[in-house]
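What follows is a single structure, written as structure tokens, with notes after it.
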Amino acid sequence: MAHQPLIHISAISLIFTFGAGIVSRNASRPRLCVMSLALAVLPTAIAMLVHSASDDAEPMHAEFFALEAMLLLTVAAMSLGSVQHLYAASVEHLTTKHDLAKLARFDPLTGLPNRLLLRESFQRSIKSAVPTDQLAVHYLDLDGFKSINDQHGHPAGDQILLEVARRLTSTIRAEDIACRLGGDEFILIQSNVQHSDEAELIARRVIKQVGEPYVIDGSEMRIGVSIGIAMAPANGIELERLISCADAALYRSKAKGKAQLHFCGSDDRVAPKRAAA
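Have a look at this one:
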């Protein structure tokens, strides 16, 4: 059969085009790239080598086919290197994107949700709540934390905050949310509340758990927590409003002494200055 250069060149061009498309579009799936390149390149290269070694091939054609087969295999090997590089770049990009998203939504010290994730979680809780359910917003402020921070230094204070975060997450239910606003202030979102007594029960558990002693660098330390509670929909359905109500109730709690709780009532003056941003 006579050699037809045009068909030969067209076939090789299609293989190169197919390989380039596979590498550029599917580098994030390296196994698919390797299999696709192997299926496209290996049969063609083997056929070229077999033809170059056959007795029917003219000497010039035999050398040309052998050289082209080696070139095709070399380009395929280089493409696999490109796949590895592009895959590593994609993994690095996605990892960085994930880390930035986590930093934007979580407190870097305690790992608890921050204000942004608090807002998103609150909106989901409100949307999924049935009409008969209530939602409790607990505003927590640690008692005695500043004196420990001043006396023992910020590293000890950070250890206290980490342990407080751990105790909060172990006290609340899986569907509830613990958030750090900053400093020694925390927010708890308690969903699916049937009666305010349930909110009070969780608050008293938190007061008990946070009030247990802390051992930092061999020294026993104690803090407390005061809590203000706002209920939705009784005190509003917007997060800013509820946090302001809980903040006002917290002020009343601290006025009564340490380790106290207070529900937001009609006589509590709502101060919007500490509402969630």
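The opening position of the sequence shown corresponds to residue 388 in the working numbering, with each subsequent residue numbered one higher.
The C-beta atom is built at its ideal place from N, Cα and C for all residues, glycine as well.
With 16 other Cβ atoms within 10 Å as the buried cut-off, status of residue i
i, result
"residue 404", "exposed"
"residue 422", "exposed"
"residue 592", "exposed"
"residue 406", "buried"
"residue 419", "exposed"
"residue 649", "buried"
"residue 464", "exposed"
"residue 615", "buried"
Three-state secondary structure assigned by DSSP to residue i
i, result
"residue 628", "helix"
"residue 570", "coil"
"residue 582", "coil"
"residue 455", "helix"
"residue 545", "helix"
"residue 653", "coil"
"residue 524", "strand"
"residue 540", "coil"
"residue 617", "strand"
Alpha carbon of residue i to alpha carbon of residue j, nearest angstrom
i, j, result
"residue 458", "residue 430", "14 Å"
"residue 564", "residue 416", "36 Å"
"residue 543", "residue 530", "15 Å"
"residue 450", "residue 432", "13 Å"
"residue 590", "residue 483", "38 Å"
"residue 504", "residue 524", "15 Å"
Close-in-space but distant-in-sequence residues of the same chain around residue i (CB under 7 Å, 5 per side omitted)
i, result
"residue 554", "596, 597"
Contact set for residue i: own chain, Cβ-Cβ below 6 Å, skip 5 residues either direction
i, result
"residue 609", "600"
"residue 571", "529, 532"
"residue 579", "520"
Residues of its chain near residue i, where Cβ-Cβ distance is below 8 Å and the 5 sequence neighbours each way are ignored
i, result
"residue 467", "420, 421, 424"
Cβ-Cβ separation, residue j to residue i (assumed contact under 8 Å), whole Å
i, j, result
"residue 492", "residue 626", "So it is not a contact: roughly 15 Å between Cβ atoms."
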